[in-house]
Amino acid sequence: MKCKTTLLKTRAWLAGLLMMLWISASAQRIISGTVHDKSGPVAGASIVIKGSLTGTTSATDGSFTINAANGDILTVSYIGFETVELKVHAQQKYEIVLKEADNLLSDVVVTGYATQKKENLTGAVAAISGKDLQNRPITNIAQALQGQMANLNVTTGSSGGAPDARPNINIRGYTGLGNKSGGGISGAPLIVLDGIPGGDLTTINPSDIESISILKDAAASAIYGSSAPYGVMLVTTKQGKKGARPSITYSNNLSWSQPIGLPKMINSVDFANIFNEAFINSGRTAWYDDETLQRIRDYKEGRMKDETINDPTPGVDDWYGSGNGYSHGAGPNRGNGNNDWFKIFFKDWSASQQHNLGVSGGGESSRYYLGLGYLEKNGMYNFTDEKYKRITIRTNVSSDLAKWLTLNIRSSLSRGLNSTPATYPDATGGNLMHQIGRKLPTTPFRNPDGHYSDYSNIGLFTEGGKQKYTTDQVQVTAETVVKPLPGWNITANYTLFGTSKNTENFNKTVYSYLPSGNKVVMFQTAPINSLTKSNEVQDKHVINLFSTYEKSVGGHNFQVLGGYIRDLTNFKYQYATNSYLYSNDLPALNLTYNSTPSIGDNMRVLAVEGVFGRLNYNFKEKYLVEVNGRYDASSRFLKSARWKLYPAVSVGYSISKEDFWKPLSHYVNTLKIRGSYGALGDQWGDNPNQDNYYPFYPSLGTNAPNSSTWIFGNGRQAYVTSPALINSSLTWASIKTFDLGIDATFFKDRLAASFDWYNRRADDFVGPAQALPAVLGAAVPQANNASMQTKGFELTVDWRDKAGEVNYFVKGVLSNSNARVIRYPNPTKLLSNWYEGQQIGEIWGYETAGLFQTKEQVNAAPSQNAIDAVGWTPGDVQYKDLNGDGVITPGSSTVGDPGDRKVIGNSTPRFLYGLSIGADWKGFDFSLFVQGVARRDSWISSNYFWGIIGGEWQSTLLTPNLDRYTPETPNGYFPKYYMTSQMNKNMQVQTRYLQNSAYMRVKNLQIGYSIPNSSAKKLGLQRVRLYVSMDNLATFTRLQKTIDPELSIGDSKIYPLQRTYSFGINLTL
């Protein structure tokens, strides 16, 4: 009876339970909706029923379905957007609009081997979204980063605005000393692509980038050890999303570019008169005779149709001023053209294009991304097919093989094709901008027979050879992630980087035509054709094994990281060159017949190994601590000096999370102070580009038998030279950085600000060793005996708000740094070398009193004969007697005795800034980006500035040079011109001609329109955006117009930058 009663009770209980389950199930129903932002659908958004584990993600078109009951709260979230909560009611379909998060401190940013909430960071880290870098006609992503993040210094390199230009990247200023004549070294940061160190920005398509993070201080960078002594750039590429339908995106950019900052030559009549003036001032015969001057005037004024005439010398078959006649005494000064060679050699416009295709999506346990890119950038040179092409393919695939096991495969392929004019000695060789700049306007463009003149060098472009570069790069990463327990991940990956660069320089024999019609080898070229081929191959193998564990206990949050890395790089190079090709149209080495070809090769290996670790701790995200370090080894050192430990520590305090802050939180919403100190090693000493991978081994030279070698036994023998002395104690340079920072948001998180001050000291750079007696008989090896210090600050301010239906933002960045030498083996403090206490970039020079106006003024002034003993006349520069000894001298060129010189300026860019402004309204969007340098001095000694620099073969005259001293124009800017070395006396480094190269440039202006989603869907598309973009739109500077402020380095003879107008479209299917 008791069992029966129990059974009845059990049945009743089960029936009641089933009834409740039925009621609950009947209360739930399938609801649907869409998630979108102002631009269109949001794929991959998380939709979760609050307080439960039930959830889903939105598809490519933003749609979703989920089982929910009335009264449930749906929580909708997506990275970078504010979380939305809504209560389920009777309606069946919901439309959810996400708004971009204003509080930048809530973002998740990528750091070394992990991601962190920005509000919990204790190191100096900056981040930018890939969306901010797209839709610009650039060949290198670094070009789009210029001015975007404080103290990320992107400067134009020696390639200027060439199609394959590679900008220089630096974080926080000078990093080394190097050769004094070359100035301080600005070492580049380590590029980490999808977690793997060693990436190359030239191979990355901007459309594939999800985000970029910059690790600036030692605490943030220490995890990467000796590979990152001067910061890290973390590039994260796009991934697919689990459960998302396939999404296809396409974008293009069609652009038209025109050169900016090109020098402008003066007209031929003024040129000839001033050239003659300079010759006469030097006591030389006028360069242009009266007959030539008359022809120059007649041609300029239209009374003569040809730019030259036949050489009337009996028996001479040549054109005046064309080239070959120079051997007969009728040189380039006999032509009568009127040519601005900069305008001739450069196009007015050049068209380029970019196309990008992306496919992404995912299943329940997998995700994928495929990116394809094509870039074609045409150069600005006339008369030749100058072009750079790049093709990129990137795939990122991730699959959950089990709940505890994930497999990731990432791969990228890139091919770069670059074609430029071949190099000819004294014509297009070396720096073509230099060759153009020393051409005379009077040199004929064409001879009367219609052929290009020799001295124009145009024939080398139209009929000469080519330089061709083909660069192939591949990167493949295979990665497994094991999750043994909640919060514990173990990651192992292997990456292969492969690079192959093939170069071909084919110099054809080019001919010119004489008045008789005879064909001769062009005067400006070698009489023979030649071919050089080279191949560089580099393979890099990276093995990473690391593990992370996260745990929270109460308000205590821990994250532990430990890992191992091995990086092996093999490099091989070989080349061959020969001349005398059987055919001018068949560039093949086996079709050359010179009996003395040149061949060579070299190879080297570099291995880096390290173990690393990091501990993060915070209490209620209020008190923050991070300790990390790396124990590194490099094959560049002997085993006794190979390993080095470099630790770092950082702390943070989120004051705004204290209870006492609540009364202020209405105005200052968040406030965090942080500080860090850490050390890193630099295995390259003071030259990050050196090729000496084995400094602890003495190098041996070889000599083949020739007429100058010694005779032994039966004749002259091959031999090996004696090895040089080495320093077996060479070791790492040590870089220690102290950083203080503050992050805050104000006014309901609409205003965010971040400020950092840092002090970076680098010790044990490689410098010259102390001199030893000459009886040693060998050069003294270098030693770790140099140090420098860099101090600076950086500020970022970002305001984001909404006025009615207009969303807008204003973002500004400002940074500054200065560096000085702390230690260097220069006891006498010679100005020609680094010395202790020197501010890097300082410019020593004379203070200018003006230009002498009368001979009496010259006689009454302190003697300047120590500078030039030939003599001084009106129109020459007068220097001030700073030390009051009655004479102007350079002294002994030391800090203690600089003569009448002093520090008159500094070439270091100071106070670098960027300003971004943007807004959107009803589908229209607008953005403006301005970048500049507030303070910088430049001393430019080339003919691009001075015009005439003392020799007719290296001089020119540009429009600013018309403002010069003559007896009729005594207040001219430039001094009296001389066509001898006498010109040097007026070109001494001095205050009068020191240039202010500060500038402000409108880098980009972009206007776009996104058509309404309803209209896009009628076209079968999810999103359509059209835009126009303008780069380098305007420049404001006091610098002389012949020189671009971004190119005011060295002699400023650099390929010009361009103003670019582009149109593009972004489609999402």
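Counting in the numbering used here, the sequence shown runs from 6 upward without gaps.
Cβ coordinates follow ideal geometry from the N, Cα and C atoms, glycine included.
Bear in mind that the values here come from a model prediction, so they are computed numbers and not experimental data.
Spatially closest choice to residue i from the options, by CA coordinates
i, options, result
"residue 658", "124, 73, 183, 1043", "124"
"residue 499", "377, 629, 412", "412"
"residue 393", "86, 233, 170", "170"
"residue 36", "1034, 736, 100, 674", "100"
"residue 869", "858, 884, 862, 861", "884"
"residue 242", "224, 45, 208", "208"
"residue 576", "567, 601, 610", "610"
"residue 731", "707, 1038, 750, 774", "774"
"residue 725", "740, 709, 71", "709"
"residue 639", "414, 649, 632", "649"
"residue 706", "878, 723, 379", "723"
"residue 910", "291, 516, 511, 844", "844"
"residue 743", "794, 119, 857", "794"
"residue 768", "351, 737, 590, 776", "737"
"residue 297", "285, 275, 340", "340"
Residue i and residue j closer than 8 Å at C-beta
i, j, result
"residue 98", "residue 38", "yes"
"residue 703", "residue 729", "yes"
"residue 802", "residue 152", "no"
"residue 947", "residue 953", "no"
"residue 426", "residue 389", "yes"
"residue 986", "residue 1050", "no"
"residue 88", "residue 55", "no"
"residue 51", "residue 59", "no"
"residue 310", "residue 272", "no"
"residue 797", "residue 289", "no"
"residue 629", "residue 1042", "no"
"residue 4", "residue 567", "Outside the displayed span of the chain (6 to 1074) sits residue 4, for which this structure offers no information."
"residue 444", "residue 324", "no"
"residue 792", "residue 755", "no"
"residue 224", "residue 655", "yes"
"residue 162", "residue 172", "yes"
"residue 401", "residue 355", "no"
"residue 376", "residue 228", "no"
"residue 1061", "residue 266", "yes"
"residue 216", "residue 115", "yes"
"residue 1030", "residue 1059", "no"
"residue 1066", "residue 261", "yes"
Bridge partner(s) assigned by DSSP for residue i
i, result
"residue 1013", "930, 1032"
"residue 648", "638"
"residue 493", "490, 554"
"residue 725", "707"
"residue 456", "Looking at the DSSP assignment, residue 456 forms no beta bridge with any residue, so it has no partner."
"residue 958", "None; residue 958 has no bridge partner."
"residue 517", "525"
"residue 471", "426"
C-beta neighbour in chain B for residue i, strict 8 Å
i, result
"residue 866", "Checking the listed chains, one finds no chain B in this structure; it contains a single protein chain."
* Every unbroken alpha helix (DSSP H) inside the stretch 385-429 [4 residues or more] -> none
* With contact counted as at least three CB pairs below 8 Å, one residue from each stretch, are the stretch 418-425 and the stretch 439-458 in contact? -> no
* To do: Decide yes or no for the touch test of the stretch 195-211 against the stretch 230-241: beta carbon pairs closer than 8 Å, at least 3 of them.
  => yes
* **Within the stretch 842-901, ranges of the alpha helix (DSSP H) (whole runs, at least 4 residues)** => 860-865
* When the Cβ atoms of the stretch 553-572 are set against those of the stretch 590-609, are three or more pairs found closer than 8 Å? -> no
* When the Cβ atoms of the stretch 974-984 are set against those of the stretch 1011-1022, are three or more pairs found closer than 8 Å? -> no
* To do: Mind listing, in chain order, the continuous alpha helix (DSSP H) runs of no fewer than 4 residues lying wholly within the stretch 809-845?
  => none
* Given 8 Å as the limit, is there contact between the stretch 1003-1010 and the stretch 933-943, that is, 3 or more CB pairs closer than that? -> yes
* **Length at least 3, wholly inside the stretch 970-1029: the beta strand (DSSP E) runs in chain order** => 1004-1015
* Ignoring anything shorter than 3 residues or poking outside the stretch 342-374, list the beta strand (DSSP E) runs there in chain order. => 355-367
* Asked: Are three or more beta carbon pairs between the stretch 456-470 and the stretch 372-392 nearer than 8 Å?
  -> yes
* Asked: Would you call the stretch 961-979 and the stretch 914-930 touching, i.e. three or more CB-CB distances under 8 Å?
  -> no
* Residue ranges of each alpha helix (DSSP H) within the stretch 119-182, 4 or longer -> 146-150
* Asked: Does the stretch 482-489 come close enough to the stretch 515-529 to have 3 or more Cβ pairs within less than 8 Å?
  -> no
* Runs of beta strand (DSSP E) wholly within the stretch 717-794 (minimum 3 residues, chain order) -> 738-751, 756-772
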